[in-house]
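In this note's numbering, the protein residues as written are 4 to 188. Inspection log for the structure reproduced underneath, given as structure tokens.
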């Protein structure tokens, strides 16, 4: 009985998790953002919640997550769209982008995806887009300072480097698999 369950988990569930696991996390982050905007959170750091109607704020925050669903087809444009949208949204409501944990995780995931790009020119320019968008968001948020921008820049760079390192390891793994297949033939 146990072997049958293991077989089903390995053969049926794992490919689904590999294919759609990140998409499920994106949906969870979008729902978390909507709930956090609707019900607020304890602000021990003194930052008040964004102003405005929830009927406006929640629909404005959900498009941040939509580009992730096109990340396979547009590996550079999808994470770049996240940053560009966040920068544009900060002109409308300065503290919306920095308010929720879900949006914070989305911009970190976009930095990781930028780091994983195989084309180094796109990867480095993606980090530049991320840092430029962070500067715009920090400038437009009345509760943020340039010290926050420095912290965010370091954090984005670390996450980008982690994606870059994982991409290099995956490239080495694929090359080793190809060599093994050639030797086997």
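Ideal Cβ placement from N, Cα and C applies to all residues, glycine included.
Close beta carbons around residue i, own chain, < 7 Å, minus the five adjacent residues each side
i: residue 67; result: 85, 88, 89, 106 and 109
i: residue 184; result: none
Buried versus exposed, by CB contacts within 10 Å (16 or more), residue i
i: residue 36; result: buried
i: residue 29; result: buried
i: residue 144; result: buried
i: residue 94; result: exposed
The alpha helix (DSSP H) enclosing residue i, as first and last residue numbers
i: residue 110; result: 104-118
i: residue 148; result: Looking at the DSSP string, residue 148 is not in any alpha helix (DSSP H), and its letter there is neither H nor E.
i: residue 91; result: 80-95
i: residue 23; result: 17-42
Same chain only: Cβ atoms within 6 Å of residue i, ignoring 5 sequence neighbours per side
i: residue 82; result: 113, 116 and 117
i: residue 133; result: 86, 114 and 159
Same chain, Cβ closer than 8 Å to residue i, neighbours up to 5 away in sequence not counted
i: residue 103; result: 35, 36, 39, 40 and 64
i: residue 155; result: 137 and 141
i: residue 60; result: 40, 53, 96 and 99
Inter-stretch contact (C-beta, 8 Å, three-pair minimum) for the segment 161-175 and the segment 112-127:
Because the criterion of three Cβ pairs below 8 Å is met, the segment 161-175 and the segment 112-127 touch.
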